[in-house]
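**Q** Numbering-wise (this note's numbering), the sequence shown opens with residue 67 and increments by one. Ideal Cβ positions, reconstructed from N, Cα and C, are used throughout, including at glycine. If you're wondering where the values come from, they're calculated on a predicted model, not measured in any experiment. First the structure, then my questions, so here it is.
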Amino acid sequence: MRSADWGRIINFGVADARDDRAVPMNFPYFAAKKAVLQFTRTLAYDTQDDGITVNAVSPFAVENTVVDVSEYPRGRPATFEDVAAPILFFCSDAAAYISGQNVAVDGGRLQEA
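See below:
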């Protein structure tokens, strides 16, 4: 990627790892996903002069996920197409100036106040 002066790196987080809430019984998983978000920001900084962008996509719950339906925003889980949309955008030339960002595909579940 560096030799081509162009590249796109997309990491996967999880929407619940964006905030500072404690999530019981899932420490290793959420600690790792939180680390993915910091890794994304750090790698974006390290590659900013190389034509490489680094971003993350963090879904909440996707089809076939076992989560209480009452927790689903918009009354449904995300579809695979919902998750693919920001990935395709980040890979496009339209996102050439966007790096170090995380998009939560959570239907608005974790709106920040």
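1) Could you tell me the boundaries of the alpha helix (DSSP H) in which Val120 lies?
2) Hey, Arg175 and Thr119 are a contact pair by Cβ (cut 8 Å); roughly how many whole angstroms apart?
3) Here's a check: name, in chain order, each residue in its chain whose Cβ is nearer than 7 Å to the Cβ of Phe146, leaving out the five neighbours to either side.
4) Taking Cβ to Cβ, would you say Tyr111 is nearer than 9 Å to Gly173?
5) Under 8 Å Cβ to Cβ from Thr70, same chain only, skipping five residues before and after it: list those, please.
6) Per DSSP, what kind of secondary structure is Ile153 in: helix, strand or coil?
7) On a CA-only basis, which of Pro139, Tyr163, Val171 and Tyr138 is nearest Pro152? Give me that one, please.
8) Under the three-state reduction of DSSP, which class applies to Val169: helix, strand or coil?
9) Give me whichever residues DSSP pairs with Asn130 in a beta bridge.
10) Quick check: Gly79 and Ala144, are their CB atoms within less than 9 Å of each other?
11) Output the distance between the C-alpha atoms of Asp159 and Val133, rounded to the nearest integer angstrom.
**A** Taking the structure as given:
1) No alpha helix (DSSP H) holds Val120; the beta strand (DSSP E) holding it covers Ile118 to Pro125.
2) So it is not a contact: roughly 26 Å between Cβ atoms.
3) Val128 and Glu129
4) no
5) Note that residue 70 corresponds to Ala in the displayed sequence, not to Thr. Counting only Cβ-Cβ distances below 8 Å, and skipping sequence neighbours, we find Gly117.
6) helix
7) Val171
8) strand
9) In the DSSP output, where bridge partners are listed per residue, Asn130 has none listed.
10) no
11) Those two C-alpha atoms are separated by around 35 Å.
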